[in-house]
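Down below is the structure, laid out as structure tokens.
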Amino acid sequence: MVSKFSFFIILLVLHYLAVVCISQDFDFFYFVQQWPGSYCDSDKNSCCYPTTGKPAADFGIHGLWPNYNNSSYPQNCDPTNPFDESEISDLISNMSMNWPTLACPSSSGETFWSHEWDKHGTCSESVFDQHGYFETALGLKQQTNLLQALETAGIKPGEGTHSLENIKDAIKKATGHTPWIECNQDSSGNSQLYQVYLCLDNAGSSLIECPVFPKGGKCRSEIEFPSF
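The sequence shown runs -23 to -1, 1 to 205 under mature numbering (1 follows the signal peptide of the UniProt record, and there is no 0).
So, in structure tokens, the structure goes:
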């Protein structure tokens, strides 16, 4: 016969499993890349290069984030599966180059990657294990190649202001999909290209048109693309 205490524990476990399953039932992913020149030239962020040295003057991955069509998102879905660097040991060199941290104090990137997995990656366990999550993001960066897309359109870092629409058009022409451009401000209050959002289907296999765009970080019609 099951005791009242045992029955209570069973109910708690079932409730936890239900929450995890529901939280993984998301609609799409945001794939977010960040321009380091704007992170370091922001009026809000302190910028520290990783312990591995100054990153390349290229877009870096910020994250791969499960989202709902109503603009909300799941987070911290599975505390029983924390970040484990040994799971991605073959990806570390690639991640150091393409997913660098610029937060202070300087670090190797493990804290950043751990945050991304624990907060966002654990909500995609129905699609990815840890290795698959990070490997997919790295592949998407190579596939989209934002810097090349912009430079092909004559939009280069450190060369004055650029039309927001021209930036969007250049990225859409290269990727086949409409991006969301997030801006921040430099110390003089100028609007600058900060992050680029593209969307991935909930199977983690194909870029799609974004069902909904973020609401923050809106840009002016002319924005800067600062050098790094």
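Yeah, the Cβ is synthetic: ideal placement off N, Cα and C, and Gly gets one too.
Compute the Euclidean distance between the alpha carbons of residue i and residue j, then round it to the nearest angstrom.
i    : j    : result
G40  : N75  : 11 Å
L68  : G194 : 31 Å
T155 : K145 : 7 Å
K21  : C196 : 16 Å
L115 : S198 : 30 Å
P27  : I185 : 32 Å
N53  : S164 : 34 Å
G135 : C160 : 16 Å
E87  : A147 : 33 Å
V189 : G166 : 28 Å
E201 : I158 : 12 Å
D29  : S70  : A small correction: the amino acid at residue 29 is Thr; Asp does not occupy that position in the sequence shown. Answer to the nearest angstrom: the Cα atoms are 10 Å apart.
A80  : A151 : 30 Å
D61  : L117 : 22 Å
E142 : S49  : 26 Å
P51  : W90  : 18 Å
T57  : G131 : 48 Å
P13  : E64  : 27 Å
G174 : S140 : According to the sequence displayed, residue 174 carries Tyr and not Gly. Roughly 17 Å separates the two Cα atoms.
Identify which residue in the options has its Cα closest to the Cα of residue i.
i           : options               : result
Q162        : E128, N46, Q172, K145 : Q172
Q125        : Y110, S23, A34        : A34
N122        : C100, F3, F36, F6     : F36
Q11         : D4, P32, F3           : P32
residue 207 : H108, S48, N46        : An answer regarding residue 207 cannot be provided, because it is not within the stretch -23 to 205 covered by the chain.
C24         : S83, T152, Q119       : S83
T138        : N179, Q169, G14, W90  : Q169
N179        : Q120, F89, P13, T113  : T113
Q120        : G131, N143, Y50, K149 : K149
Residue i and residue j look like a contact to me (Cβ under 8 Å); what is the Cβ gap, rounded to whole Å?
i    : j    : result
D18  : P203 : 5 Å
C100 : F205 : Rounded, the Cβ-Cβ distance is 31 Å, inconsistent with contact.
D106 : P59  : Not confirmed; about 13 Å, so no contact.
N44  : Y16  : So it is not a contact: roughly 22 Å between Cβ atoms.
H97  : W42  : 5 Å
Using C-beta distances below 6 Å, list every residue in its chain close to residue i, excluding the 5 sequence neighbours before and after it, in chain order.
i      : result
V104   : G181
M72    : none
L(-13) : Confidence in L(-13) is poor, its pLDDT being 39 and thus under 50, which makes the residue's placement unreliable; the coordinate value appears in the next sentence. Correct list: empty, nothing qualifies.
Leaving out five residues on either side along the sequence, give the residues of the same chain with a beta carbon under 8 Å from the beta carbon of residue i.
i    : result
C176 : F5, F6, Y7, F8, H154, L184, I185, E186, C187, P188
N47  : V189
T129 : A147, A151
K133 : L127, F202
Sorted by chain position, which residues of the same chain lie with C-beta nearer than 7 Å to residue i's C-beta, five sequence neighbours on each side aside?
i      : result
P77    : P27, P32, G37, G86
Y110   : L41, W94, G98, S101
S(-18) : At S(-18), the pLDDT of 46 sits below 50, so the modelled position is not reliable; the number obtained from the coordinates is stated separately. So no residue of the chain qualifies.
- Could you pull out every unbroken beta strand (DSSP E) segment of at least 3 residues lying fully inside the stretch 122 to 165, listed in chain order? 138 to 140, 157 to 162
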